[in-house]
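> Going by this note's numbering, the first residue of the sequence shown is number 12, and it counts up by one from there.
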Amino acid sequence: MKKHHLIFITVLAVIVLFYKEYVALNLGIFGIFLSILTFAQTKSEFRTKSFLTLFVTSIFSSFAFAWFGDAISFVAVFVSVFLLRFKGTYPKLKPFLYIEVLLFNLFSFLGRVFYTEQWFEKPKEGGGFGKKLITFILIPGILITIFLCIYSAGSSHFDQFFSEIKLDFSFFDIIILAVIGFYVGFIFWNFGVERFIFKQNRFLNDDFSGLIKIQKPTFSFLDIDSERTSGLISFSALNVLLLVFIATYNYEQFFEVTKSADGLSAETHERVNAVIMSIVMAILVILFYFKRGFNFDEKAKSLKMSAKIWIVLNAVLVISASLKNSEYIINCGLTYKRLGVYAFLTMALIGLIFTFIKIQNRKTNAFLFNRMFWASYGLILVCSYVNWGGIITSNNIKRKDFADNYHLVSINYNEKLLLDYAEKTGNSEMKNQLKERIESYQKETFLSKILYYETINIEKPNRQ
Numbered sequence: 012m013k014k015h016h017l018i019f020i021t022v023l024a025v026i027v028l029f030y031k032e033y034v035a036l037n038l039g040i041f042g043i044f045l046s047i048l049t050f051a052q053t054k055s056e057f058r059t060k061s062f063l064t065l066f067v068t069s070i071f072s073s074f075a076f077a078w079f080g081d082a083i084s085f086v087a088v089f090v091s092v093f094l095l096r097f098k099g100t101y102p103k104l105k106p107f108l109y110i111e112v113l114l115f116n117l118f119s120f121l122g123r124v125f126y127t128e129q130w131f132e133k134p135k136e137g138g139g140f141g142k143k144l145i146t147f148i149l150i151p152g153i154l155i156t157i158f159l160c161i162y163s164a165g166s167s168h169f170d171q172f173f174s175e176i177k178l179d180f181s182f183f184d185i186i187i188l189a190v191i192g193f194y195v196g197f198i199f200w201n202f203g204v205e206r207f208i209f210k211q212n213r214f215l216n217d218d219f220s221g222l223i224k225i226q227k228p229t230f231s232f233l234d235i236d237s238e239r240t241s242g243l244i245s246f247s248a249l250n251v252l253l254l255v256f257i258a259t260y261n262y263e264q265f266f267e268v269t270k271s272a273d274g275l276s277a278e279t280h281e282r283v284n285a286v287i288m289s290i291v292m293a294i295l296v297i298l299f300y301f302k303r304g305f306n307f308d309e310k311a312k313s314l315k316m317s318a319k320i321w322i323v324l325n326a327v328l329v330i331s332a333s334l335k336n337s338e339y340i341i342n343c344g345l346t347y348k349r350l351g352v353y354a355f356l357t358m359a360l361i362g363l364i365f366t367f368i369k370i371q372n373r374k375t376n377a378f379l380f381n382r383m384f385w386a387s388y389g390l391i392l393v394c395s396y397v398n399w400g401g402i403i404t405s406n407n408i409k410r411k412d413f414a415d416n417y418h419l420v421s422i423n424y425n426e427k428l429l430l431d432y433a434e435k436t437g438n439s440e441m442k443n444q445l446k447e448r449i450e451s452y453q454k455e456t457f458l459s460k461i462l463y464y465e466t467i468n469i470e471k472p473n474r475q
């Protein structure tokens, strides 16, 4: 298909799927539709293992949104489908640049849409699907809609005549959806990669190209030997400092008694923030010293060893912070934020591992950014596939201090567990609230349904 065919098909799909519907199952169907259409439009030589993997994750992400319909699943669908499209069109473009491509196209739409020769191919004499669509449907439809509105405003009888026709049809909603569909379809099928983006691509290789030599120091007032020595002294001093910090950190964590839950919460947040900031700064310092020539400098062995030790010590710090968060969960229960702490610490540890590999295997700084891009994408996928609300509730429901109202109001997708809990505890008020909530979701039209709620049987007998 040609680009304008794909764009108009996307517009039609948006209208059919979202007209007078909530964003729910329809977005999952739309994601699957775009994924399959992208697969069909992609050249066979571009269907690499990476592309096929993204195709699978796009399908699964669409199912995840159809099941949960939450924000993280939406992000997963959006990122997966666009990554699939980018990978199938420019497979050699570094993934970190996909962000720049997407942002550029999102904001350049108004300028690029007027270059019709880029996306609307002129039909041959006497035919063409696009020509027929515009001739017989699009132009007459727009003109009829405009004049219908004008005449209805100018004549009460004319307006009354059409108002008496019981058509549940909104031209305004159709136009809005058509505009949204055209915007999405245009960006998706006709995204542009400017020359300045292609120029950046060669700077984002994982490996150094050619013969790398230390040509000049970073600063004009320091020679190479001085910069190397300053790095060694800095890393050695930082290792000593970090050892002292780890010792005091763990002493405060495991030997000092926290008096209250609020105190434990404050301690956990402060220490996790300190750990994450330490990791970020550690990686930035390492990237500064190992950006080019020092990766191959035979005199920098001591510098490399000091940097590796610092990475290992920071990894120990991450483990200590994880243990502190676990203690917090044991004492106060599980929440979304406490799970989020594990996610941030996991990403920090992955960053340290890739930084260690970068130094060990003499990789470029771009290697770290490329790997962390895919690690972040993987985290989004994991978060979208798992029912974290169910995990939180199943963990906390065993506690004596289980806050039923908090889990009813602030935790999502735990209705099955709470229904059983309400039946066992005889909490009729909670049971009725849960039934009303579930019924409201189950009564939605097909395209507006969230599939999770379709699996709940609210008529099952009491198990007591």
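The beta carbon of each residue, even a glycine, is placed where N, CA and C say it ideally should be.
With DSSP as the reference, identify every bridge partner of K60, one or two as the case may be.
Answer by DSSP bridge pairing: none, since K60 is not bridged.
> Going by beta carbon distance, what residues of the same chain come within less than 7 angstroms of Q211, once the five residues before and after it are set aside?
L108
> Helix, strand or coil for K435 per DSSP?
Three-state DSSP puts K435 in a helix.
> Report yes if the CB atom of I18 is closer than 8 angstroms to the CB atom of N201, and no otherwise.
Yes, the pair counts as a contact, with Cβ atoms nearer than the cut-off.
> In three-state DSSP terms, what is D218?
D218 falls in the strand class under three-state DSSP.
> Short check: CB of T49 to CB of G196, under 8 angstroms?
no
> DSSP three-state call for K348: helix, strand or coil?
In the structure shown, K348 falls within a helical segment according to DSSP collapsed to helix, strand and coil.
> Does K374 come out as helix, strand or coil in the three-state DSSP assignment?
strand
> From what residue to what residue does the alpha helix (DSSP H) around Y194 run?
F182 to W200
> Is it a yes or a no for the segment 102-116 touching the segment 67-77, going by three-plus beta-carbon pairs under 8 angstroms?
Judged by Cβ distances under 8 angstroms, the segment 102-116 makes no contact with the segment 67-77, as fewer than three pairs qualify.
> What does the alpha-carbon distance come out to for the pair L462 and K454?
12 angstroms
> Among L243, Y194 and L254, whose alpha-carbon lies nearest the alpha-carbon of S317?
L243
> Indicate whether D217 and F378 have their beta-carbon atoms separated by less than 8 angstroms.
yes
> Does Y30 come out as helix, strand or coil in the three-state DSSP assignment?
coil
> Could you have a look at P106 and say whether DSSP puts it in helix, strand or coil?
Judged by DSSP in its simplified three-state form, P106 adopts helix.
> Take G99 and list the residues in its own chain whose beta-carbon comes closer than 7 angstroms to its own, dropping the five residues that flank it on each side.
T49, T53, F57 and F62
> In angstroms with no decimal places, state the Cα-to-Cα distance between E450 and T375.
55 angstroms
> Alpha carbons only, please: which of I26, I467 and E470 is nearest the one belonging to L188?
For L188, the closest C-alpha among the options I26, I467 and E470 is that of I26.
> Quick check on the DSSP output: the alpha helix (DSSP H) that includes V88 runs from which residue to which?
A82 to T100
> So, at 8 angstroms on beta carbons, what are the nonlocal neighbours of T357 in its own chain, with the 5 sequence-adjacent residues on each side left out?
L390
> Cα separation between T436 and L428?
12 angstroms
> Alpha carbon to alpha carbon, what distance is there between V90 and L295?
27 angstroms
> Would you report the Cα separation of G400 and L445, rounded to the nearest angstrom?
15 angstroms
> If I'm right that S333 touches Y353 with Cβ under 8 angstroms, what's the distance once you round it to whole angstroms?
7 angstroms
> Of the choices N407, N284 and F299, whose alpha-carbon is the least far from that of A359?
N284
> Could you work out which residue in T279, L314 and Y262 is closest to S241 when comparing CA atoms only?
L314
> Identify the continuous alpha helix (DSSP H) that holds Y417 and give its terminal residues.
D415 to S421
> Quick one, are the C-beta atoms of S395 and A87 less than 8 angstroms apart?
yes
> Report the three-state DSSP secondary structure of A35 (helix, strand or coil).
Coil.
> Closest by CA to L38, which one among I341, A82 and T64?
A82
> According to DSSP, is N473 part of a helix, a strand, or is it coil?
For N473, the pLDDT reaches just 44, beneath the cut-off of 50, and the residue's location in the model is therefore unreliable, although a value from the coordinates is still provided. Residue state, collapsed to three classes: coil.
> Could you tell me the distance, in whole angstroms, from the CA atom of N407 to the CA atom of E434?
Taking the straight line from one Cα to the other gives about 17 angstroms.
> How many angstroms separate the CA atom of Y194 from the CA atom of L23?
Whole-angstrom Cα-Cα distance: 12 angstroms.
> Can you tell which of S337, R448, L252 and I340 has the C-alpha that lies nearest to the C-alpha of N325?
Nearest neighbour of N325 by Cα position, chosen from S337, R448, L252 and I340, turns out to be L252.
> Would you decide whether R382 is buried or exposed? Buried here means 16 or more other CB atoms lie within 10 Å of its CB.
Classification for R382: buried.
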